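Q:
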Amino acid sequence: MSRSIKRIRKAVFPVAGLGTRFLPATKAMPKEMLTVVDRPVIQHVVDEARAAGIEHFIFITGRNKGVIEDHFDSQFELERTLAERGKNSELAILTRDLPGAGQTSFTRQQAPLGLGHAVWCARDIVGDEPFALLLPDMLHHAKMPCLADMMAAYQEHGGNLVAVAPVPEDQTHQYGIVGVTDPKAKVSAITKMVEKPPRGTAPSNLHITGRYILQPEIFGLLANQERGAGGEIQLTDSMIQLMEAKTQPFHAVRFDGDIYDCGSKIGFLTANVAYALARDGLGVELRSELKKLL
Ligand code: UTP
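As structure tokens, then:
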């Protein structure tokens, strides 16, 4: 790693959205706590960050999201009961997943004004250093976790990186899309970026999948960012400004695994089946149950 490239120690997880697509399930429970097999969606994403070497986990929460903070805290009574009953493997699962003392921060986005605004809420906790950003409802399933893959690219290129993957051409208007110098390359410089381009205008079919490495200069731009697509303060709009200033490199890293949008019912249900099929001790039985259903 060159001396000028600062290490990524912190990751931001915006979890303040309303999760309206999952009502009524998300009326009192955050959508990030819905489970994929036996782990909340947010836990899968924190695991990915930890596997990439992240040391500090910053959650942008909101009203009704307190249970996320509880999930990442120790549960003394439960742990003691498990220990007394000799349930050592269950206890080990709890302690393995627990972030260390002082490794988590929680701040509230007081109104869900958009992803860009949620990220801006992390500015003081992140401080003047580059950081990772992971959208918790996008599960990235692969042998090499997506953020670890991006960290490797960051060591080589520095600057800002976004994970991308192809989508069918007729769906590009639903996503943040990038144009790149070499669409087939694993890592490629970004030439254009646009949030939800009108049909037929997308610069490519590569969409931003919800994993980012960003330099702290993004916060200054977010502070003045006006509302964009959907009336929300869009992260992509500030990233475009940062990219167009040409003061920092901006690269796309192609993600080659499977992506499940757990913010949508179909993505969430498919993720549950895919993760369960891949799980030892569960996959074989589930496969035979699914055969009966289909
Ligand atoms: P989404 O747009 O998918 O989440 O944002 P949402 O608004 O909760 O979903 P629906 O459409 O109402 O069902 C992607 C991520 O960004 C967070 C969400 O919690 C989600 O993890 N987010 C979004 C915020 O933290 N704040 C916001 O203002 C918007």
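Be aware that the sequence shown starts at 22, since it is given in our numbering, and climbs by one per residue.
C-beta: ideal position from N, C-alpha, C; glycine also.
Being a predicted model, the structure only gives us computed values, none of them experimental.
(1) List the whole-angstrom C-beta distance separating Ser225 from Ile239, where the pair is believed to meet the contact cut-off of C-beta under 8 Å.
(2) Taking DSSP's pairing of strands, which residues face Gly123 in a bridge?
(3) When DSSP labels each residue in this structure, what does Gly302 get in the three-state scheme?
(4) Identify whether Val58 lies in helix, strand or coil by the three-state DSSP scheme.
(5) With the cut-off set at 8 Å, would you say Val215 and Ile198 are in Cβ contact?
(6) Measure from the alpha carbon of Met171 to the alpha carbon of each residue in His272, Gly38, Thr222, then state which is nearest.
(7) By DSSP, does Lys164 sit in helix, in strand, or in coil?
(8) Suppose you measure from the CA of His228 to the CA of Cys167; what does that come to, to the nearest Å?
(9) With Met214 as the anchor, note down where its beta strand (DSSP E) starts and where it stops.
(10) Between which two residues does the alpha helix (DSSP H) harbouring Asn109 extend?
(11) What are the partner residues of Gly197, as DSSP defines its beta bridges?
(12) Given a threshold of 16 other Cβ atoms within 10 Å of its Cβ, counted over all protein chains shown, does Lys52 qualify as buried or as exposed?
(13) Cβ of Ala297 within 8 Å of Cβ of Val147?
(14) Please report the straight-line C-alpha distance between Arg84 and Gly288, rounded to a whole angstrom.
(15) Going along the chain, which residues of its own chain have a beta-carbon closer than 7 Å to the beta-carbon of Asp282, five neighbours each way excluded?
(16) How many Å lie between Ser285 and Phe152 at the Cα?
(17) Whose C-beta lies closer than 6 Å to the C-beta of Asn293 among residues of the same chain, with five residues either side of it excluded?
(18) So that I know if they touch, is there some Cβ in chain C lying closer than 8 Å to that of Leu154?
(19) In angstroms with no decimal places, state the Cα-to-Cα distance between Val188 and Pro133.
(20) Can you find the residues in the same chain that come closer than 6 Å, C-beta to C-beta, to Gly200, ignoring five residues on each side of it along the sequence?
(21) At a cut-off of 7 Å, would you count Gln236 as near the ligand UTP, judging by its Cβ distance to the nearest heavy atom?
(22) Between which residues of its own chain and Asp203 is the CB-CB distance below 7 Å, once the five residues before and five after are set aside?
(23) Suppose the cutoff is 7 Å on Cβ atoms and the five residues either side in sequence are ignored; what does the same chain contact list for Ile234 look like?
(24) Could you tell me whether any non-hydrogen atom of the ligand UTP is closer than 7 Å to the CB of Lys207?
(25) Once the 5 residues before and after Pro120 are set aside, which same chain residues still bring their CB inside 7 Å of it?
A: To lay it out plainly:
(1) About 22 Å separates the CB atoms of Ser225 and Ile239; that is not less than 8 Å, and the two are not in contact.
(2) DSSP output for Gly123 lists no bridge partner at all.
(3) DSSP, reduced to helix, strand and coil, places Gly302 outside both helices and strands of the structure shown, so it counts as coil.
(4) When secondary structure is reduced to three states using DSSP, Val58 falls in the coil class, being assigned neither helix nor strand.
(5) Yes, the Cβ-Cβ distance between Val215 and Ile198 is below 8 Å.
(6) His272
(7) In the three-state DSSP reduction, Lys164 falls in the coil class, being neither helix nor strand.
(8) 15 Å
(9) 208 to 216
(10) Taken as a continuous stretch (DSSP letters only), the alpha helix (DSSP H) holding Asn109 covers 109 to 118.
(11) Glu216
(12) By the 10 Å Cβ count, Lys52 comes out buried.
(13) Cβ distance not < 8 Å, so Ala297 and Val147 don't count as in contact.
(14) When rounded, the distance between both Cα atoms is 25 Å.
(15) Asp158, Met159, Gly288
(16) 27 Å
(17) In the same chain as Asn293, and ignoring 5 residues on each side of it, the C-beta atoms closer than 6 Å to its own belong to Val57, in chain order.
(18) Among the chains of the structure shown, chain C does not appear; only one protein chain is present.
(19) 27 Å
(20) Thr212, Lys213, Pro224, Ser225
(21) no
(22) Ser209
(23) Only residues of its own chain outside the window of five on either side were considered, and among them Ile29, Pro151, Ala153, Met171, Tyr175, Asn181, Leu182 have a CB closer than 7 Å to the CB of Ile234, listed in chain order.
(24) no
(25) For Pro120, where only same-chain residues beyond five positions count, the Cβ hits under 7 Å are Phe78, Phe93.
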